[in-house]
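Quick note on this note's numbering: the sequence shown kicks off at 9 and runs consecutively.
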Amino acid sequence: MTGRIAYTKPSITELEVAYATDAARNGWGARCYDYIHRLERDFAAHLGVAHAIATSSCTGALHLGLAALGIGPGDEVILADSNWIASVAPVVHLGATPVLVDILEDTWCLDPVLVEAAITPRTKAIIAVHLYGSMCDMDRLLDIGARHGVTVIEDAAEAIGSAWGTQRAGSMGAFGTFSFHGTKTMTTGEGGMFVTNDDALFARVTTLSNHGRDVHEPRQFFPLVTGYKFKMSNIAAAIGCAQVERINELTDGKRHIMARYRELLRGANGIALNAEPDGATNGYWMPTVVFDPETHVTREMLISAFQAADIDARVFFWPLSELPMFEARPENVKARDIAARAINLPSYHDMDDAAQARVAEVILCLTKA
Ligand SMILES: Cc1ncc(COP(=O)(O)O)c(C=O)c1O
Numbered sequence: 009m010t011g012r013i014a015y016t017k018p019s020i021t022e023l024e025v026a027y028a029t030d031a032a033r034n035g036w037g038a039r040c041y042d043y044i045h046r047l048e049r050d051f052a053a054h055l056g057v058a059h060a061i062a063t064s065s066c067t068g069a070l071h072l073g074l075a076a077l078g079i080g081p082g083d084e085v086i087l088a089d090s091n092w093i094a095s096v097a098p099v100v101h102l103g104a105t106p107v108l109v110d111i112l113e114d115t116w117c118l119d120p121v122l123v124e125a126a127i128t129p130r131t132k133a134i135i136a137v138h139l140y141g142s143m144c145d146m147d148r149l150l151d152i153g154a155r156h157g158v159t160v161i162e163d164a165a166e167a168i169g170s171a172w173g174t175q176r177a178g179s180m181g182a183f184g185t186f187s188f189h190g191t192k193t194m195t196t197g198e199g200g201m202f203v204t205n206d207d208a209l210f211a212r213v214t215t216l217s218n219h220g221r222d223v224h225e226p227r228q229f230f231p232l233v234t235g236y237k238f239k240m241s242n243i244a245a246a247i248g249c250a251q252v253e254r255i256n257e258l259t260d261g262k263r264h265i266m267a268r269y270r271e272l273l274r275g276a277n278g279i280a281l282n283a284e285p286d287g288a289t290n291g292y293w294m295p296t297v298v299f300d301p302e303t304h305v306t307r308e309m310l311i312s313a314f315q316a317a318d319i320d321a322r323v324f325f326w327p328l329s330e331l332p333m334f335e336a337r338p339e340n341v342k343a344r345d346i347a348a349r350a351i352n353l354p355s356y357h358d359m360d361d362a363a364q365a366r367v368a369e370v371i372l373c374l375t376k377a
């Protein structure tokens with residue numbers, strides 16, 4: 009197999025094309041919300057939650073949920089230092105203070121012991137981000153939240169197909185958010201979803217997401233609060249409806265790719281792959297390799313080895329506290345250290361065995377060097 013190996017690409021079949029075509033042809037006027045409402049229904053059913061609101065992005069869904077909880081200036085929100093900026097940006101935009109804690113060595117998710125230690129009277133929420141599909145310890149986080157009166161939120165953008173026991177990622181917190189960006193396991197191009205079992209929170213987010221217009225307000229164009237515009241289009245939702253119909257195929261595909269990487273890398277010394285602790289299911293959005301410190305393999309060596317092999321691999325998220333707009337947190341040793349010796353591997357849906365073997369070969373060479 010020759011040619012560039014892409015990092016991710018969506019799985020689009022005739023079903024997505026047919027639904028999107030129908031939405032483009034017919035989804036206007038009285039039918040302009042048909043696919044949006046269907047996607048919300050189907051996604052809520054898939055997840056086992058009471059309510060879902062389709063949004064233009066996961067970032068928007070998170071912003072709406074945090075705003076609906078009343079999070080703002082003077083409040084603190086705890087999340088892991090190892091995260092994409094999207095999980096923390098809404099906290100900052102709402103004027104609250106992010107508190108970045110270190111991660112666990114195996115799951116790369118926030119460490120519950122450090123979460124509890126970081127709680128102050130100003131703490132309003134904990135954002136459990138299931139990094140790369142790896143589940144946060146929801147039992148411990150929900151227990152900490154309950155004991156301290158702090159709301160636990162799930163950013164499940166990367167965790168479609170992941171579960172904690174029998175409960176799907178995103179269904180356990182006060183609310184959950186999802187991303188349907190083109191790189192995700194399920195896509196609408198750009199898009200996201202807010203989900204919750206809380207009727208009152210659902211009502212508040214519905215109003216906020218509709219420019220502050222309450223569904224019970226009889227006057228047209230009469231917002232009661234200043235809201236937001238983070239809506240999904242009907243055409244994007246049509247693609248999403250097809251993807252939800254195929255959700256098991258899409259999530260099984262990710263698990264299959266991860267299983268094949270495990271086989272190909274079985275003999276390799278000095279590396280760790282995505283964890284799946286007992287009782288958790290990892291949706292494996294992003295197969296990832298972390299080299300042991302003793303191998304002396306670095307992020308920079310990994311980038312150049314994959315570039316030389318014409319493979320589009322991506323660096324592990326930089327700790328947010330290493331970005332210029334956040335305060336340094338040198339005590340977050342694991343977040344800094346793991347990112348400096350890790351790489352995300354390609355994992356698109358129809359990746360064939362030859363492509364996976366080519367990726368594995370780069371890693372195997374580095375472990376032998
Ligand atoms: C954990 C996490 N949260 C939020 C987002 C933001 O998603 P979106 O691009 O749909 O806003 C992403 C996207 O990469 C993500 O990985």
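In this text, a Cβ means the ideal position worked out from N, Cα and C, and glycines have one as well.
Query raised in the report: Any idea which residues DSSP pairs residue 59 with across the strands?
Result: Taking the sequence shown and counting its residues from 1, one reaches residue 59 at position 51. Beta-bridge pairing links residue 59 to 204.
Query raised in the report: Quick one, what's near ligand 1 if you take every residue whose CB is closer than 6 Å to any heavy atom, in chain order?
Result: 65, 66, 67, 92, 94, 95, 137, 163, 165, 166, 187, 189, 200
Query raised in the report: Is it true that the CB of residue 87 sits closer than 8 Å to the CB of residue 135?
Result: Here the question's residue 135 lines up with position 127 in the sequence shown. Here the question's residue 87 lines up with position 79 in the sequence shown. Taking 8 Å as the Cβ cut-off, residue 135 and residue 87 qualify as a contacting pair.
Query - Whole-number beta carbon distance between residue 199 and residue 5, since they are thought to touch under 8 Å - result: Because the chain spans 9 through 377 in this model, residue 5 falls outside it and cannot be assessed.
Requested in this report: Could I get the ranges of all uninterrupted beta strand (DSSP E) runs contained in the stretch 228-282, with 3 residues as the minimum, in chain order?
Outcome: 279-281
Query - Cut-off 8 Å between Cβ atoms - residues of its own chain near residue 352, not counting five sequence neighbours on either side - result: Along the sequence shown, one-based indexing puts residue 352 at 344. Same-chain partners within the cutoff: 15, 140, 294, 295, 296, 321, 322, 323, 324.
Query - Cβ pair residue 48, residue 247 closer than 8 Å - result: One-based indexing of the sequence shown puts residue 48 at position 40. One-based indexing of the sequence shown puts residue 247 at position 239. It is not a contact, given that the beta carbons lie outside the stated cut-off.
Report task. Assuming residue 279 and residue 300 form a contact by the criterion Cβ under 8 Å, report the distance between their Cβ atoms to the nearest whole angstrom. Result -> Reading the sequence shown from its first residue, position 271 is the one you call residue 279. Reading the sequence shown from its first residue, position 292 is the one you call residue 300. Going by Cβ atoms, the distance from residue 279 to residue 300 rounds to 7 Å, so yes, they are a contact pair.
Report task. Provide the residue span of the beta strand (DSSP E) that contains residue 305, from first to last. Result -> On the sequence shown, residue 305 is found 297 positions in, with the first residue counted as 1. Counting along the chain, residue 305 falls outside any beta strand (DSSP E), and DSSP gives it neither H nor E.
Requested in this report: Alpha carbon to alpha carbon, how far is residue 17 from residue 56? Give it in angstroms, no decimals.
Outcome: Against the sequence shown, residue 56 aligns to sequence position 48. Against the sequence shown, residue 17 aligns to sequence position 9. Cα to Cα, residue 56 sits roughly 27 Å from residue 17.
Requested in this report: Please name the residue or residues paired with residue 175 in a DSSP beta bridge.
Outcome: Here residue 175 is taken as the residue at index 167 of the sequence shown, counted from 1. The partner list for residue 175 (beta bridge, DSSP) reads 172.
Query raised in the report: Can you find at least 3 beta carbon pairs, one from the stretch 208-223 and one from the stretch 163-172, that sit closer than 8 Å?
Result: no
Query - For residue 156, three-class secondary structure by DSSP - result: One-based indexing of the sequence shown puts residue 156 at position 148. Residue 156: helix per DSSP, three-state reduction.
**Report entry** Inter-residue CB distance, residue 236 and residue 71 (contact presumed, cutoff 8 Å)
**Finding:** Counting from one through the sequence shown, the residue named residue 236 turns up at place 228. Counting from one through the sequence shown, the residue named residue 71 turns up at place 63. Correct: roughly 7 Å between the Cβ atoms.
Query raised in the report: In three-state terms, what does DSSP make of residue 65?
Result: Residue numbering aside, residue 65 sits at position 57 when the sequence shown is read from its first letter. Coil, per DSSP.
Query raised in the report: residue 189 bridges to which residues according to DSSP?
Result: By 1-based counting over the sequence shown, the position of residue 189 is 181. In DSSP, residue 189 forms a bridge with 197.
Query - residue 34: first and last residue of the uninterrupted alpha helix (DSSP H) it sits in - result: Here residue 34 refers to the residue found at position 26 of the sequence shown. 22-34 is the span of the alpha helix (DSSP H), which, as asked, contains residue 34.
Query raised in the report: Is the distance from the Cβ of residue 355 to the Cβ of residue 239 below 8 Å?
Result: Sequence index remark: in the sequence shown, residue 355 carries index 347 (1-based). Sequence index remark: in the sequence shown, residue 239 carries index 231 (1-based). Contact: no.
Query raised in the report: Given that a residue counts as buried once 16 or more other Cβ atoms are within 10 Å of its Cβ, and exposed if not, what is residue 119?
Result: The residue labelled residue 119 in the question sits at position 111 within the sequence shown. Label assigned to residue 119: buried.
Report task. Compare the Cα-Cα distances from residue 195 to each of 333, 63, 95 and report the closest residue. Result -> Mapped onto the sequence shown, residue 195 falls at position 187. Among 333, 63, 95, the Cα nearest to that of residue 195 belongs to 63.
Report task. Compute the Euclidean distance between the alpha carbons of residue 284 and residue 231, then round it to the nearest angstrom. Result -> Working through the sequence shown from its first residue, we reach residue 284 at position 276. Working through the sequence shown from its first residue, we reach residue 231 at position 223. Rounded to the nearest angstrom, the two C-alpha atoms are 46 Å apart.
Query raised in the report: Looking only at DSSP bridge pairs, what is residue 162 linked to?
Result: As a working note, residue 162 is residue 154 in the sequence shown. DSSP, once it has assigned bridges, lists 136, 184 as partnering residue 162.
**Report entry** For residue 347, the first and last residue of its enclosing alpha helix (DSSP H)
**Finding:** Sequence index remark: in the sequence shown, residue 347 carries index 339 (1-based). Note, residue 347: alpha helix (DSSP H), 341-347.
Query raised in the report: Thinking C-beta only, is residue 66 closer than 8 Å to residue 186?
Result: Sequence index remark: in the sequence shown, residue 186 carries index 178 (1-based). Sequence index remark: in the sequence shown, residue 66 carries index 58 (1-based). Yes, these two residues count as a Cβ contact at 8 Å.
Query raised in the report: To which residues does DSSP link residue 296 through a beta bridge?
Result: If you number the sequence shown from 1, residue 296 lands on position 288. Secondary-structure assignment with DSSP links residue 296 through a beta bridge to 352.
**Report entry** Integer-rounded CB distance, given that residue 357 should sit under 8 Å from residue 19
**Finding:** For this step, residue 19 is matched to residue 11 along the sequence shown. For this step, residue 357 is matched to residue 349 along the sequence shown. Residue 19 to residue 357, Cβ: 4 Å. Contact.
Query - Residue of 132, 171, 371, 91 minimising C-alpha distance to residue 104 - result: Looking up residue 104 in the sequence shown gives position 96. Considering only alpha carbons, the answer is 132.
Query raised in the report: In the structure shown, what three-state DSSP assignment does residue 72 receive?
Result: As a working note, residue 72 is residue 64 in the sequence shown. Residue 72: helix per DSSP, three-state reduction.
Query raised in the report: Hey, which unbroken runs of the alpha helix (DSSP H) at 4 residues or more fall wholly within the stretch 73-126?
Result: Restricted to the stretch 73-126, the alpha helix (DSSP H) segments that are unbroken, complete and at least 4 residues in length are 97-101, 120-126, listed in chain order.
Query - Backbone secondary structure at residue 167 - three-state DSSP - result: Your numbering for residue 167 matches position 159 in the sequence shown. If DSSP states are grouped into helix, strand and coil, residue 167 belongs with coil.
Query raised in the report: Going by the beta-carbon positions, is the gap between residue 73 and residue 213 smaller than 8 Å?
Result: One-based indexing of the sequence shown puts residue 73 at position 65. One-based indexing of the sequence shown puts residue 213 at position 205. A contact, by the Cβ cut-off of 8 Å.
Requested in this report: Identify which residue in 339, 302, 147 has its Cα closest to the Cα of residue 377.
Outcome: Position 369 of the sequence shown, counting from 1, holds the residue named residue 377. Out of 339, 302, 147, 302 has the C-alpha closest to the C-alpha of residue 377.
Query raised in the report: Taking buried to mean at least 16 other C-beta atoms within 10 Å of its own C-beta, is residue 331 buried or exposed?
Result: For the purposes of this step, residue 331 is identified with residue 323 of the sequence shown, where counting begins at 1. Burial call: exposed.
Report task. Count the other CB atoms, across all protein chains shown, that sit within 10 Å of the CB of residue 138; report buried if there are 16 or more and exposed otherwise. Result -> In the sequence shown, the residue the question calls residue 138 occupies position 130. Here residue 138 is buried. Its C-beta has 16 or more other C-beta atoms within 10 Å.
Requested in this report: Below 8 Å on the Cβ atoms is my guess for residue 110 versus residue 342; work out the distance and round it to an integer in Å.
Outcome: As a working note, residue 110 is residue 102 in the sequence shown. As a working note, residue 342 is residue 334 in the sequence shown. Right, the Cβ-Cβ distance comes to about 5 Å (below 8 Å), so this counts as a contact.
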